[in-house]
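Visitor: Residue numbers (the numbering used here): 2 to 544. Questions regarding the structure given below will be posed in turn.
Laid out in structure tokens, this is it:
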């Protein structure tokens with residue numbers, strides 16, 4: 002008989018006390034006690050085919066719910082695989098926790114099975130990373146990880162759990178003693194007053210929110226706050242930065258702003274480091290955030306033209322909202338110019354496209370998806386990276402959207418879709434990716450079938466690593482473009498062979514029919530679109 006006061010039982014009960022009912026995982030020697038403990042706690046374990054996929058699922062779960070998603074992997078190579086997914090979550094300010102099994106504490110330094118300095122490996126891509134050293138710290142570490150993942154600047158947290166501690170006995174846990182509170186980070190009144198003076202004197206201010214605001218409810222709060230102050234605002238979460246296709250020609254007007262307010266957003270490469278010509282040379286900068294490194298970067302980039310305010314997301318929203326009507330002096334033509342630039346898309350996009358025979362132009366593919374989404378109630382849109390991801394983000398909108406984050410990672414969208422279905426059992430879910438990215442986690446179609454997690458994956462198949470091909474053509478010339486080709490593989494047949502729905506299309510009519518049939522099937526679906534590979538959209542206002 003297995004004792005039920007093991008460390009593993011304490012961990013799973015602690016997660017349950019924090020409201021965790023779903024864990025994304027891949028099994029392995031060091032965490033089988035946790036699998037056993039879940040039999041009693043009743044949590045759903047979604048058993049994936051690769052540890053990085055489990056992390057991507059926890060990432061998307063955190064973004065869509067605001068609660069930490071939980072990934073669980075075994076030690077050594079399992080942890081190494083999982084760690085690769087943390088970078089994407091870090092760039093997205095995504096609240097999640099990775100629990101990794103670990104070699105027993107009694108064998109550390111002896112060359113134990115799969116022994117690895119896991120905490121050090123995860124540290125560069127996590128908000129915090131540590132190994133539990135005593136059985137008595139297991140439950141407290143879960144409480145600490147859950148709090149850290151959501152407080153301040155949200156992000157991924159890693160905790161390694163040695164197998165001997167999981168198998169050993171611990172004291173009974175009193176759920177009432179679990180500390181689930183967090184201390185808000187609130188700036189001084191003087192700091193907010195200084196910000197108010199800058200805003201009040203600005204003629205062309207712009208408000209830019211970071212990835213933490215790219216969530217359905219948070220985005221709505223951000224835009225309400227911007228409206229309350231009277232400043233045009235945008236949310237930026239793309240690795241394309243100021244060329245984020247979902248922001249249209251925003252870069253063209255940002256260069257005219259005399260005040261830029263960054264809220265939970267770094268003045269990093271996505272903001273061209275706040276340097277000219279992308280920012281006006283005399284533009285002032287207000288950086289509001291919970292990450293000291295981001296605030297320090299703003300001071301480093303703009304010097305005495307920068308004001309920094311330490312505040313978390315909640316406090317920053319509250320502090321700015323208190324400035325109601327403060328930007329009333331801002332000329333309406335400036336607000337209109339910013340909004341028009343963000344909404345701008347070239348007129349040529351609305352007409353017939355010149356795709357090669359037997360293929361669709363990315364605009365035609367996205368147009369058919371847009372028409373299908375327009376008939377649905379509150380769909381979830383997932384866009385991968387690469388060239389096709391940029392077309393999707395430029396042309397498709399949804400209240401709930403998950404992208405590849407500012408890190409520019411690719412391949413996570415299939416796991417993202419599984420997590421989205423775990424969050425919402427009813428919503429239409431469509432994920433858009435290229436034929437390069439689908440290969441990263443193609444086996445997760447089997448996970449989706451086995452776990453009953455249907456969604457629709459649309460694969461733009463141009464038989465090419467197109468983003469890299471575009472770099473070759475633009476940087477070295479078309480005659481030196483080589484080694485980025487793929488075969489036009491039948492990915493839809495792979496999905497079908499794993500128990501899902503599959504279709505291959507070459508026209509918009511076929512794509513429309515396939516979307517309807519895929520949804521009606523109730524199965525995980527792959528629609529393979531023969532695509533005329535085009536470079537990512539470049540949007541600039543007409544001169």
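Yeah, the Cβ is synthetic: ideal placement off N, Cα and C, and Gly gets one too.
Assuming residue 280 is part of the beta strand (DSSP E), what are its boundary residues?
Guide: Careful: residue 280 lies outside any beta strand (DSSP E) and carries neither H nor E.
Visitor: State yes or no: is the C-beta of residue 510 within less than 9 angstroms of the C-beta of residue 528?
Guide: No.
Visitor: Please tell me whether residue 265 and residue 94 are closer than 9 angstroms, where the distance is taken between their beta carbons.
Guide: Against a cut-off of 9 angstroms, the Cβ pair of residue 94 and residue 265 comes out as a contact.
Visitor: Measure the alpha-carbon distance for residue 289 versus residue 513 and round it to whole angstroms.
Guide: Each residue's alpha carbon lies about 44 angstroms from the other.
Visitor: Assess, as a yes-or-no matter, whether the region 369-385 is touched by the region 393-400 under the definition of 3 or more beta carbon pairs within less than 8 angstroms.
Guide: Yes: the two stretches touch, three or more of their Cβ pairs being nearer than 8 angstroms.
Visitor: Output the boundary residues of the alpha helix (DSSP H) element that contains residue 23.
Guide: First-last for residue 23: 23-26, but that is the beta strand (DSSP E), not the alpha helix (DSSP H).
Visitor: Express the C-alpha separation of residue 342 and residue 198 in angstroms, rounding to a whole number.
Guide: Straight-line Cα distance between these residues: approximately 27 angstroms.
Visitor: I'd like the ranges of any alpha helix (DSSP H) spanning at least 4 consecutive residues and lying wholly in the region 217-257.
Guide: Fully enclosed alpha helix (DSSP H) runs of 4 or longer: 217-230 and 251-255.
Visitor: By a C-beta neighbour count over all protein chains shown, 10 Å radius and 16 as the cutoff for buried, is residue 520 buried or exposed?
Guide: Buried: at least 16 other Cβ atoms inside 10 Å.
Visitor: Which one of 330, 239 and 229 has the shortest CA to CA distance from residue 321?
Guide: It is 229 whose Cα lies nearest to the Cα of residue 321.
Visitor: When you compare only the Cα positions, how much space is there between residue 195 and residue 332?
Guide: Near 22 angstroms, if we compare the C-alpha coordinates of residue 332 and residue 195.
Visitor: Just reading off the alpha helix (DSSP H) that residue 572 is part of, what are its end residues?
Guide: In this structure the chain extends from 2 to 544, so residue 572 is not present and cannot be described.
Visitor: By a C-beta neighbour count over all protein chains shown, 10 Å radius and 16 as the cutoff for buried, is residue 539 buried or exposed?
Guide: Under this definition residue 539 is an exposed residue.
Visitor: How many angstroms separate the CA atom of residue 113 from the CA atom of residue 104?
Guide: Each residue's alpha carbon lies about 6 angstroms from the other.
Visitor: If you draw a straight line from the C-alpha of residue 417 to the C-alpha of residue 128, how long is it?
Guide: Approximately 21 angstroms, taken between the alpha carbons.
Visitor: What does a CB cutoff of less than 7 angstroms around residue 365 pick up in its chain, not counting 5 residues either side in sequence?
Guide: Within the same chain, residue 365 has close Cβ partners 354, 356 and 509.
Visitor: Alpha carbon to alpha carbon, how far is residue 102 from residue 73? Give it in angstroms, no decimals.
Guide: Near 8 angstroms, if we compare the C-alpha coordinates of residue 102 and residue 73.
Visitor: Quick one: measure Cβ to Cβ for residue 279 and residue 533, integer angstroms, because I've assumed they're closer than 8 angstroms.
Guide: The Cβ separation is near 32 angstroms, so there is no contact.
Visitor: Cβ atoms of residue 140 and residue 553: under 9 angstroms apart, would you say?
Guide: What the structure shows of the chain is the stretch from 2 to 544, and residue 553 is not part of that stretch, so it cannot be assessed.
Visitor: Mark residue 378 as exposed unless 16 or more other C-beta atoms lie within 10 angstroms of its C-beta, in which case mark it buried.
Guide: Per the 10 Å Cβ criterion, exposed.
Visitor: According to DSSP, simplified to helix, strand and coil, what is residue 375?
Guide: It is coil, neither helix nor strand.
Visitor: With which residues is residue 486 paired in a DSSP beta bridge?
Guide: Bridge partners of residue 486: 465.
Visitor: Could you pull out every residue in the same chain whose Cβ sits closer than 6 angstroms to the Cβ of residue 125, ignoring the five residues on either side in sequence?
Guide: Around residue 125: no qualifying Cβ.
Visitor: What do you reckon, are the CB atoms on residue 53 and residue 46 nearer than 9 angstroms?
Guide: In this structure, residue 46 does not lie closer than 9 angstroms to residue 53 by Cβ.
Visitor: Suppose you measure from the CA of residue 410 to the CA of residue 249; what does that come to, to the nearest Å?
Guide: Computed Cα separation, rounded: 22 angstroms.
Visitor: Is it true that the CB of residue 446 sits closer than 9 angstroms to the CB of residue 458?
Guide: A contact, by the Cβ cut-off of 9 angstroms.
Visitor: Looking only at C-alpha atoms, which of 146, 473, 493 and 500 sits nearest to residue 486?
Guide: Of the candidates 146, 473, 493 and 500, the one whose C-alpha sits nearest the C-alpha of residue 486 is 473.
Visitor: So within the region 325-389, which uninterrupted beta strand (DSSP E) runs reach at least 3 residues, ignoring any that extend past its ends?
Guide: You should have 381-384.
Visitor: Report yes if the C-beta distance between residue 451 and residue 500 is below 9 angstroms; otherwise report no.
Guide: Yes, Cβ-Cβ distance for residue 451 and residue 500 is below 9 angstroms.
Visitor: So for residue 455, helix, strand or coil by DSSP?
Guide: If DSSP states are grouped into helix, strand and coil, residue 455 belongs with coil.
Visitor: In terms of DSSP beta bridges, what is residue 207 paired with?
Guide: Note: residue 207 sits in a beta bridge opposite 261.
Visitor: Just to check my reading of the structure: residue 299 and residue 268 have Cβ atoms closer than 8 angstroms, yes? What is that Cβ distance to the nearest angstrom?
Guide: Yes, residue 299 and residue 268 are in contact; Cβ-Cβ is about 5 angstroms, under 8 angstroms.
Visitor: For residue 108, which of 257, 91 and 165 has the nearest alpha-carbon?
Guide: Residue 108 has its Cα closest to that of 165, out of 257, 91 and 165.
Visitor: Kindly indicate which residue of 14, 323, 302 and 424 has the alpha-carbon position closest to the one of residue 190.
Guide: Of the candidates 14, 323, 302 and 424, the one whose C-alpha sits nearest the C-alpha of residue 190 is 323.
Visitor: Determine the direct distance from the alpha carbon of residue 35 to that of residue 13, and round the result to whole angstroms.
Guide: If you take the alpha carbons of residue 13 and residue 35, they lie about 7 angstroms apart.
Visitor: If you draw a straight line from the C-alpha of residue 220 to the C-alpha of residue 338, how long is it?
Guide: Taking the straight line joining both Cα atoms gives about 21 angstroms.
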